[in-house]
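Taking our numbering, I'd label the letters of the sequence shown as residues 1 to 213.
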Amino acid sequence: MPMKRPDVMNVFAHYSPARGFTLLEVLISLLVIALGLLGLAGLQARLQQAEFESYQRSQAIVLLYDMVDRIRANKATASCFAITTNTTNGTPYLGTGATASTGCAASTAAYNTMADAGLAEWDGLLDGAAEKSSGNSVGAMIGARGCVSYGGSATEIVSGGVTVAGTGIYTVSVSWQGTSDSAIPSANCANGLYGDETRRRTISTTFRIATLN
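(1) What residues in its chain sit with their C-beta under 6 Å from that of Ile169, if we drop five residues either side in the sequence?
(2) If we ignore side chains and look at the alpha-carbon of each, how far apart do Met67 and Glu53 end up?
(3) How many angstroms separate the CA atom of Arg72 from the CA atom of Gly90?
(4) So who's on the other strand from Ser175, going by DSSP bridges?
(5) As a quick exercise: from Ala210, Tyr65, Ser180, pick the residue whose alpha carbon is nearest that of Leu47.
(6) Counting only the same chain and skipping the five closest in sequence on each side, list residues whose C-beta sits under 8 Å from that of Ser182.
(7) For Asn188, is the classification buried or exposed, using 16 other Cβ atoms within 10 angstroms of its Cβ as the cut-off for buried?
(8) Under 8 Å, do Gly139 and Arg70 count as touching if we go by C-beta distance?
(9) Between the C-alpha atoms of Leu37 and Glu25, what's the straight-line distance to the nearest angstrom?
(10) Rounded to a whole number of angstroms, what is the C-alpha to C-alpha distance between Asn98 and Leu125?
(11) Using a Cβ-Cβ cut-off of 6 Å (strictly less than) and excluding sequence neighbours within five positions of Ala215, which residues of its own chain qualify?
(12) Would the beta-carbon of Pro92 fall within 8 Å of that of Thr84?
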């Protein structure tokens, strides 16, 4: 019995004709993709900026507590580290374009030399001397500067009302230049040296050197 030939038209009768994209739809799709890519590029730029800001702050924290440790390790010449006496304009300071001078005379010659060496080393670290590129120091933050001040009016008083010299409050600050506007720091370390004050970043800590009886 001969097989019945299927009707070709009936086979394709259930399929709908394919619709093509118009030129307008293609252009709209390209526009949406372009806007998405631009958004991703902007997000990546902001992420890189935030990462760099975080890197600079972490470097500043290391340098901040480096000086705190130096002062605590040199109690006999701690007063020599208080290089910033004017807390209004934040000078003198160490680091970029340093204005502070050394020349400790608080103790013996050996201890004085150690104090001067410690200040010189901290100045070098603020300048980025720990890492160089093409002969230039690049290890620290942008425009890194450090300030140390001492508040002698807050000295420790022991029994009998005796005031203990050198037990006031030390304040260590580190400033650098940020890459975007931010709140103006309250600590006046090297203020006015970064153009707009909203670009100055400053971190500070205070501490007291204890006297053991």
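Where a beta carbon is used, it is the ideal one built from N, C-alpha and C, also for glycine. All values derive from a computational prediction rather than experimental measurement.
With the structure as the only source:
(1) By the criterion of a C-beta distance shorter than 6 Å, Ile169 is surrounded in its chain by Gly151, Ala154, Thr206, Arg208, once the five residues flanking it on both sides are discounted.
(2) A direct Cα-to-Cα measurement between Met67 and Glu53 gives close to 22 Å.
(3) In this structure, the straight-line span from the alpha carbon of Arg72 to that of Gly90 is close to 22 Å.
(4) Arg145, Thr202
(5) Ser180
(6) Thr198, Arg199, Arg201
(7) buried
(8) no
(9) Inter-residue distance for Leu37 and Glu25 is about 19 Å (C-alpha atoms, whole angstroms).
(10) The displayed chain sequence assigns Ala, not Asn, to residue 98. Their backbone Cα atoms lie some 12 Å apart in a straight line.
(11) Past the edges of the chain, shown from 1 to 213, lies residue 215, and the structure says nothing about it.
(12) yes
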